[in-house]
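Q: Have a look at the structure that comes next, please.
Protein chains: 2
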Amino acid sequence: MAVAHQGKIVLYSYWRSSCSWRVRIALNLKEIPYDIKPVSLIKAGGEHHSNEYREINPMEQLPALHIDGCTLVESLSIMQYLEETRLQRPLLPSDVVKRAKVREICEVIVSGIQPLQNLSVLIHVGEEKKDAWAKHWITRGFRAVEKLLGSSAGKYCAGDEITLADCCLVPQVFNARRFHVDLRPFPIILRIDRDLERHPAFVAAHPSNQPDCPPDTK
Amino acid sequence: MAVAHQGKIVLYSYWRSSCSWRVRIALNLKEIPYDIKPVSLIKAGGEHHSNEYREINPMEQLPALHIDGCTLVESLSIMQYLEETRLQRPLLPSDVVKRAKVREICEVIVSGIQPLQNLSVLIHVGEEKKDAWAKHWITRGFRAVEKLLGSSAGKYCAGDEITLADCCLVPQVFNARRFHVDLRPFPIILRIDRDLERHPAFVAAHPSNQPDCPPDTK
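Residue numbers (the UniProt record's numbering), protein chains in the order written: chain U, 1 to 218; chain G, 1 to 218.
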């Protein structure tokens, strides 16, 4: 893992990290060229816990984005920075209430679901209980997301344009499937996920299309 | 618990909920008048789990804000709505990188710490293990916050103006004390918390000054 150089946009990413994936989608949607520096959450006890990476992201989590001469962490903060500095292909509506509704869905996923089922927490929960634990919190969160989408969704999470909410939703659906969550009670989530699975920006951001995806899982 | 009426700004709040507290601080800093509808996290197994409140916030969490004819949930999304619609007393810097740094600190707290130590998760962790669990995740998060503050802080979390990061930090320090986290390794966090503890907007938002604070804990 070499440290990024100024000038180039570099995303510290792990193929299966849903938080890295959110940012990959946003970068792709805005057609911002970037390089990927893979940081393995598995190798050598996790490269994200190395002294070198801790200097980049003190939370020892992915992603981090090197851009405009600085290093940014926390996926939702990074995506809002992209939104405020790269105005092409807006990922937040212009209407203030709709913006709030998009951020609301983002936060339910980013703070209400993902942190409870991420790797470091599951290690603490223990091998025996971890699947039931992850399933419980994802199901609780998706129940809320489905309800919110009932009033906000059009073709996508908030109306007919792709927003930050969609960037957060798709990776979370992938995680839900990994933990065998029953998704049948969430028809709107399933429909949006299906509609986006062939979108080029989402395809390019998918774990299976990352340079660090192990060949045997592709 | 009666449902809020259009026109008035109403915050569904619980005195000790750190997420409600963040929004109370932001409302106070911007001098936005609001009424409080207390929702007890304790009474009758938790009023936030009632059918009535689930219609207001499908995540069954506090806070919710009734404002401008709609109901918003998720504290960080609410605070950003206030920031975008009530321009007085800005709580985000105008510089885009500084805005990202503020949101970064917010997210570390809002998604990296609080969700792991909130009531519903601690119930699942179990009585015996819950204190050690909360202490672990708060300490991990504060280590990252302290490091981020090392480069962003002035008098407050991001420079010399109070921002959304301060609205998130102060309630989290209170929670850290509840769980007996050793705060000595976090001198910047402690200094900022101390500086803000007498600020009128923070005093008025404090749990002990809420209408639903039990008299014997004041």
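Ideal Cβ placement from N, Cα and C applies to all residues, glycine included.
Near U/Ser20, what residues of its chain come up, given a Cβ to Cβ distance below 6 Å and the 5 sequence neighbours on each side ignored?
A: Cβ within range, chain order: Ser13, Tyr14, Leu62 and Pro63.
Q: Could you tell me whether the Cβ atoms of G/Ala26 and G/Cys167 are closer together than 8 Å?
A: Yes, they are a contact pair.
Q: Taking 8 Å as the CB-CB limit, is G/Arg103 close to chain U?
A: Chain U contact via Cβ: present.
Q: When you compare the segment 127-135 of chain U with the segment 25-41 of chain U, are there three or more beta-carbon pairs, one atom per stretch, that lie closer than 8 Å?
A: Because the criterion of three Cβ pairs below 8 Å is not met, the segment 127-135 of chain U and the segment 25-41 of chain U do not touch.
Q: Count the other CB atoms, across all protein chains shown, that sit within 10 Å of the CB of G/Asp193; report buried if there are 16 or more and exposed otherwise.
A: Under this definition G/Asp193 is a buried residue.
Q: Does the distance from the C-beta atom of U/Arg103 to that of G/Pro58 stay below 8 Å?
A: Not in contact: U/Arg103 and G/Pro58 (Cβ atoms no closer than 8 Å).
Q: Along the chain, where does the alpha helix (DSSP H) containing U/Tyr81 start, and where does it finish?
A: Per DSSP, U/Tyr81 belongs to the alpha helix (DSSP H) from Ser75 to Thr85.
Q: Can you give the Cα-Cα distance for U/Ile67 and U/Ile9, rounded to whole angstroms?
A: Between U/Ile67 and U/Ile9, the C-alpha separation is close to 5 Å.
Q: Please check if any C-beta of chain U sits within less than 8 Å of the C-beta of G/Ala153.
A: Chain U contact via Cβ: absent.
Q: Compare the C-beta of residue 239 of chain U with all C-beta atoms of chain G and state if any pair is closer than 8 Å.
A: Residue 239 of chain U falls outside the range modelled here, since chain U spans only 1 to 218, and no answer is possible.
Q: Hey, would you say G/Ile109 sits closer than 8 Å to G/Gln210, going by beta carbons?
A: Cβ distance not < 8 Å, so G/Ile109 and G/Gln210 don't count as in contact.
Q: I'd like the span of the beta strand (DSSP E) that includes G/Lys37, first residue to last.
A: Element bounds for G/Lys37: Asp35 to Pro38.
Q: Strictly by DSSP, which residues pair up with U/Tyr53?
A: Partner(s): none; U/Tyr53 has no beta bridge.
Q: At a CB distance below 9 Å, what residues from the segment 133-146 of chain G approach chain U? Give them in sequence order.
A: Cβ contacts with chain U come from Trp133, His136, Trp137, Arg140, Gly141, Arg143, Ala144, Val145 and Glu146.
Q: Measuring CA to CA, which of U/Ile138, U/Gly141 and U/Thr85 is closest to G/Arg99?
A: For G/Arg99, the nearest C-alpha among the options comes from U/Thr85.
Q: Just reading off the alpha helix (DSSP H) that U/Val125 is part of, what are its end residues?
A: Here the alpha helix (DSSP H) through U/Val125 covers Leu119 to Val125.
Q: Would you call the segment 111-121 of chain G and the segment 113-125 of chain U touching, i.e. three or more CB-CB distances under 8 Å?
A: Contact between the segment 111-121 of chain G and the segment 113-125 of chain U is present, because at least three Cβ pairs lie under 8 Å.
Q: Would you check if the distance between the CB atom of G/Glu146 and the CB atom of G/Ile189 is smaller than 8 Å?
A: Their beta carbons are under 8 Å apart, which means G/Glu146 touches G/Ile189 by this criterion.
Q: Note down, in chain order, every chain U residue with its Cβ under 7 Å from the Cβ of G/Val73.
A: Residues of chain U passing the Cβ test: Glu104.
Q: Please list, in chain order, all residues of the same chain as U/Ser152 whose beta carbon is under 6 Å from its beta carbon, the five residues on each side excluded.
A: Hits under 6 Å: Lys101 and Ala158.
Q: Taking buried to mean at least 16 other C-beta atoms within 10 Å of its own C-beta, is G/Asn51 buried or exposed?
A: That one is exposed.
Q: Check each residue of the segment 104-134 of chain U: if its Cβ is closer than 8 Å to any Cβ of chain G, include it; give the result in chain order.
A: Correct list: Glu104, Cys106, Glu107, Val108, Val110, Ser111, Gly112, Gln114, Pro115, Leu116, Val121, His124 and Trp133.
Q: How is the alpha helix (DSSP H) around G/His136 delimited, first residue to last?
A: First-last of the alpha helix (DSSP H) with G/His136: Lys130 to Ser152.
Q: By Cβ distance below 6 Å, which residues in the same chain neighbour G/Ser17 in space, the five residues on each side in sequence not counted?
A: Closer than 6 Å at Cβ, skipping near neighbours: Leu62.
Q: For chain U, check one thing: does any of its Cβ atoms lie closer than 8 Å to the Cβ of G/Leu149?
A: False, the Cβ-Cβ gap to chain U never drops below 8 Å.
Q: Counting contacts by CB-CB distance shorter than 8 Å, is G/Glu84 in contact with chain U?
A: Yes, because at least one Cβ of chain U sits closer than 8 Å to the Cβ of G/Glu84.
Q: So which residues on chain U does G/Cys70 lean against when the C-beta distance must stay under 7 Å?
A: By Cβ distance, chain U contributes Val97.
Q: Would G/Pro187 pass as an interface residue toward chain U - the criterion being a Cβ-Cβ separation below 8 Å?
A: It does not: the Cβ of G/Pro187 has no partner Cβ on chain U nearer than 8 Å.
Q: Roughly how many angstroms lie between the CA atoms of G/Val170 and U/Leu169, to the nearest whole one?
A: Near 30 Å, if we compare the C-alpha coordinates of U/Leu169 and G/Val170.
Q: Where does G/Pro207 land, buried or exposed, given buried means 16+ other C-beta within 10 angstroms?
A: Its Cβ being crowded by 16 or more others within 10 Å, G/Pro207 is buried.
Q: Quick one: what's got a C-beta closer than 7 Å to G/Ala201's C-beta in the same chain, skipping five residues either side?
A: Ile25, Asn28 and Leu29, listed in sequence order.
Q: Residues in the segment 27-46 of chain G with C-beta within 9 Å of chain C's C-beta atoms, listed in sequence order?
A: Judged by its chain identifiers, the structure shown contains no chain C, and its protein chains are U and G.
Q: Please name the residue in U/Glu107, U/Arg54 and U/Leu72 whose C-alpha comes closest to that of G/Arg140.
A: Looking at the Cα atoms, U/Arg54 is the closest of the given residues.
Q: For U/Leu122, tell me which candidate among U/Phe179, U/Gly150 and U/Arg184 has the shortest Cα-Cα distance.
A: Comparing Cα positions, the closest option is U/Phe179.
Q: Throw me the rounded Cβ distance for the U/Ile78 and U/Val23 pair, which I believe falls under 8 Å.
A: About 5 Å separates the two Cβ atoms, so the contact holds.
Q: Shortest alpha-carbon distance to residue 221 of chain G belongs to which of U/Val181, U/Val97 and U/Leu164?
A: Coverage of chain G is limited to positions 1 through 218, which leaves residue 221 of chain G absent and any answer about it impossible.
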